[in-house]
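Enquirer: Residue numbers (my numbering), protein chains in the order written: chain L, 5 to 244; chain V, 82 to 392.
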Amino acid sequence: MILKELTVTSNRKLADGIYEMRFSGASHVRPGSFVEVTVPGFYLNRPFGVGNYENGEITIFYKVVGQGTDKMTEIQVGEKLKVIYELGNGFDMEKATKPLLVSGGIGIAPIYYLAKAFANKGIRPVVVTGFRNAGEVVLEKELAEIADLYVATDDGSKGFHGNPVACVKALDKEWDYYYSCGPMVMMHFLKMYSDKGELSLEARMGCGFGACMGCSIKTVSGYKRVCKEGPVFDAKEVEL
Amino acid sequence: MSSINKVLDTQIELFGVKLDNPIIPASGTFGFGYEFSEYYDINVLGSISLKGTTLEKRYGNPLPRIAECPAGLINAIGLQNPGVDAVINEEIPRLSKVYSKPVIANVGGHSFNEYTHTVAKFNDCDKVFAVELNISCPNVKGGGMAFGTNPETVETLVREIKKVSTKPIIVKLSPNVTDVTLLAKAAENGGADGLSLINTLVGMRIDLRTAKPIISVKSGGYSGPGVFPVAVNMVYKVREKTSLPIIGMGGISSASDVIEMMYAGANAVMVGSLNLVNPYGCKEIIEDLPIEMQKLGINKLTDIIGRAHNV
């Protein structure tokens with residue numbers, strides 16, 4: 005865990021309700037770890053999966069879902085924000101030789117960074133990203149360069165018509181281990197299809213670093229904190 | 082900084098134990114302490130109030146347990162803890178490896194029996210120099226706050242606990258009452274050695290999209306800087322009625338808040354919500370305290386306890 009004031013270098017809209025924010029001044033962060041961002045005027049820090057790290061810059065992708073994320077869209081380049089980073093455990097990349105990455109909605113953030121990390125190791129992953137409609141699709145071009153990409157939309161307005169799990173079932177690609185982040189219901193069905201993978205979970209958090217027990221979930225080996233023992237859990241371990 | 086520390090005296094005393102400073106992380110915001118030793122040397126802390134402990138292991142409430150508020154948050158954790166035996170045999174030894182000072186155990190419960198059995202278990206735990214009774218937790222059904230809002234129940238419970246405990250007993254008071262001083266006097270009459278206040282204020286937030294309360298069990302406890310003036314007032318009012326040691330808490334977020342709370346009558350303070358938004362919060366307050374004392378011409382912190390009553 006590192007707490008630092010970082011400078012906002014970019015804050016722009018990527019698609020309907022989906023934004024990208026970049027911060028400079030950070031040291032390396034692990035794929036699957038998350039950050040807590042202090043939003044001026046709000047008491048609690050806000051957790052976001054790390055969407056990328058490159059040249060000292062952390063990128064997050066965020067969806068406007070409430071007052072805090074709405075306020076974030078007004079943050080200007082050059083502003084300094086308190087950011088706590090290197091939080092949580094992160095993905096275990098050693099488990100896959102032929103990785104399959106599956107995201108739903110804004111869950112694409114940690115999946116994109118993981119895809120880049122695999123690409124840097126010389127592995128071209130299979131990536132399935134799901135969105136509600138074509139207007140919400142992000143990072144298509146970026147992912148297509150480094151992965152075998154399949155885009156799914158619920159309404160069929162782009163790519164595969166259906167949810168990302170249905171798209172996974174229809175794949176003709178070989179994979180040996182998956183990594184996923186997205187809505188609970190999506191990950192529930194993914195786990196029912198196969199439990200050979202890791203799931204990155206989301207929770208309303210108090211602190212983000214294990215102090216308040218605000219995000220404890222039931223696992224087969226007892227109760228665990230999404231922020232501390234997670235956010236990435238073995239699919240076999242969690243009860244969704 | 083170092084030259085200031087030599088001159089200014091931040092030491093306080095609680096139940097015959099000298100603390101280097103009055104800063105104690107509040108129960109439920111600091112786990113069992115050792116987690117924070119990853120971030121800084123926690124030996125700078127005056128003491129630590131451990132996570133609320135019950136006789137048996139408790140999972141607590143379903144998620145969501147947290148809702149944000151202006152100037153604070155609502156929590157409804159529901160006393161998640163591994164149970165008193167695991168706290169004594171596993172958590173405290175783990176803390177002792179990274180923290181050399183005595184600590185305060187915090188005990189919650191659902192019945193007189195549960196309270197007395199749990200408190201008595203700490204008798205042989207040398208690391209614990211006092212037990213804080215949580216009779217004011219708003220997040221436990223049929224327990225917690227139900228005990229803490231009736232003066233007669235408080236007096237009887239404290240008396241029963243004093244019979245079985247060899248440690249000083251601190252009674253943590255609820256602000257969710259008409260007159261907190263009645264509860265303070267009841268605790269004193271029952272034999273309490275000290276008081277801590279305030280616990281959280283009962284609150285609720287409702288999701289604008291679904292119109293449902295955000296917290297799974299609907300209500301929770303509101304804490305954070307928003308409750309600080311309420312806490313200062315209650316500490317002031319309780320100080321008028323008792324000479325027992327008071328540990329003041331409720332939204333303390335800076336060294337100046339510590340001094341204000343001590344002016345109101347607190348002998349020491351607990352810092353809660355701040356730990357959740359700034360893991361270095363307590364450390365920063367401890368570093369700022371001599372600077373703030375110097376600004377205000379305070380040489381010895383114990384001199385200012387209850388000063389607001391004498392001016």
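Every residue, glycine too, gets a C-beta built ideally from N, C-alpha and C.
Remember, predicted model here, so these are calculated numbers, not experimental data.
DSSP state of V:Leu60, grouped into three classes?
Expert: Lying outside 82 to 392, the shown extent of chain V, residue 60 of chain V is not represented and no answer is given.
Enquirer: Going straight from the alpha carbon of V:Lys64 to that of L:Cys211, what length do you get?
Expert: There is no way to answer for residue 64 of chain V, as the model of chain V reaches only from 82 to 392.
Enquirer: Considering only the alpha carbon of each residue, which of L:Cys219, L:Ala207, L:Phe213 and L:Lys173 lies closest to L:Lys195?
Expert: L:Lys173
Enquirer: Do you know offhand how far V:Ser334's Cα is from V:Cys150's?
Expert: 16 Å
Enquirer: For a quick check, are the C-beta atoms of V:Ser128 and V:Ile185 less than 8 Å apart?
Expert: yes
Enquirer: Would L:Phe122 and L:Gly36 be called neighbours here (beta carbons separated by less than 8 Å)?
Expert: no
Enquirer: Does the structure place the region 203-220 of chain L close enough to the region 43-61 of chain L that three or more beta carbon pairs sit under 8 Å?
Expert: Counting Cβ pairs under 8 Å, three or more are found: they touch.
Enquirer: Cα-Cα, which of L:Glu144, L:Trp179 and L:Val242 is closest to L:Leu18?
Expert: L:Glu144
Enquirer: Starting from the beta carbon of L:Asn49, find every residue of chain V whose beta carbon is closer than 8 Å, and list them in chain order.
Expert: The answer, in chain order, is Val358.
Enquirer: Can you list, in chain order, the residues of its chain with a C-beta nearer than 7 Å to that of L:Glu241? Leave out the 5 residues immediately preceding and following it.
Expert: Thr223, Val224 and Ser225
Enquirer: Identify the contact partners of L:Arg136 in chain V, using a Cβ-Cβ distance below 9 Å as the criterion.
Expert: None at all; the shortest Cβ gap to chain V is about 16 Å.
Enquirer: What first and last residue would you give for the alpha helix (DSSP H) that runs through L:Met191?
Expert: Met188 to Tyr197
Enquirer: Label L:Gly134 either buried or exposed according to how many other C-beta atoms from any shown protein chain fall within 10 Å of its C-beta, with 16 as the threshold for buried.
Expert: buried
Enquirer: My output table needs one value for V:Pro371: the three-state DSSP class, helix, strand or coil.
Expert: helix
Enquirer: Measure the alpha-carbon distance for L:Tyr57 versus L:Tyr117 and round it to whole angstroms.
Expert: About 7 Å.
Enquirer: Beta carbon of V:Asn156: closer than 7 Å to some heavy atom of the ligand COA?
Expert: The ligand COA is absent from the structure shown, which contains no ligands of any kind.
Enquirer: Note down, in chain order, each residue of its chain lying with its Cβ closer than 6 Å to the Cβ of L:Lys86, except the 5 sequence neighbours on either side.
Expert: Glu9 and Thr42
Enquirer: For L:Ala30, which residues of its own chain have a beta-carbon under 8 Å away from its beta-carbon, when the five flanking residues on both sides are left out?
Expert: Ile6, Lys8, Leu10, Tyr57, Gly60, Glu61, Ile62, Val87 and Tyr89
Enquirer: On the three-pair Cβ rule with 8 Å, is the region 292-308 of chain V touching the region 265-272 of chain V?
Expert: With the cut-off at 8 Å, the region 292-308 of chain V and the region 265-272 of chain V do not touch.
Enquirer: How about L:Gly210: is its C-beta nearer than 8 Å to some C-beta of chain V?
Expert: yes
Enquirer: With 8 Å as the limit, tell me which residues of the region 95-115 of chain V have their beta carbon closer than that to any beta carbon of chain L; keep them in chain order.
Expert: Gly109, Thr110, Phe111 and Gly112
Enquirer: Would you kindly work out how many angstroms separate the C-alpha atoms of L:Ser14 and L:Lys84, rounded to a whole number?
Expert: 12 Å
Enquirer: Rounded to the nearest angstrom, what separates V:Leu160 and L:Gly21 at their Cα positions?
Expert: 37 Å
Enquirer: With distances taken between CB atoms, is the gap from V:Arg146 to V:Ala157 smaller than 8 Å?
Expert: yes
Enquirer: Going by the beta-carbon positions, is the gap between V:Ala312 and V:Ile279 smaller than 8 Å?
Expert: Closer than 8 Å, so yes.
Enquirer: Report yes if the CB atom of L:Leu203 is closer than 8 Å to the CB atom of L:Ala170, and no otherwise.
Expert: No, the pair does not count as a contact, with Cβ atoms beyond the cut-off.
Enquirer: Would V:Phe113 pass as a contact of V:Glu195 if the rule is Cβ separation under 8 Å?
Expert: Using a Cβ distance threshold of 8 Å, V:Phe113 and V:Glu195 do not count as a contacting pair.
Enquirer: Going straight from the alpha carbon of V:Lys299 to that of L:Cys216, what length do you get?
Expert: In a straight line, the C-alpha of V:Lys299 is about 18 Å away from that of L:Cys216.
Enquirer: Compare the beta carbon distance of L:Phe38 and L:Leu91 with 8 Å and say whether it is the shorter of the two.
Expert: Pairing L:Phe38 with L:Leu91 gives a Cβ-Cβ distance under 8 Å.
Enquirer: Could you list which residues in chain V have their beta carbon closer than 7 Å to that of L:Ala207, in chain order?
Expert: Leu144
Enquirer: Verify the CB distance criterion: does V:Leu131 have a CB-CB separation below 8 Å to chain L?
Expert: Chain L contact via Cβ: absent.
Enquirer: Could you tell me whether any Cβ in chain V is nearer than 8 Å to the Cβ of L:Ala19?
Expert: no
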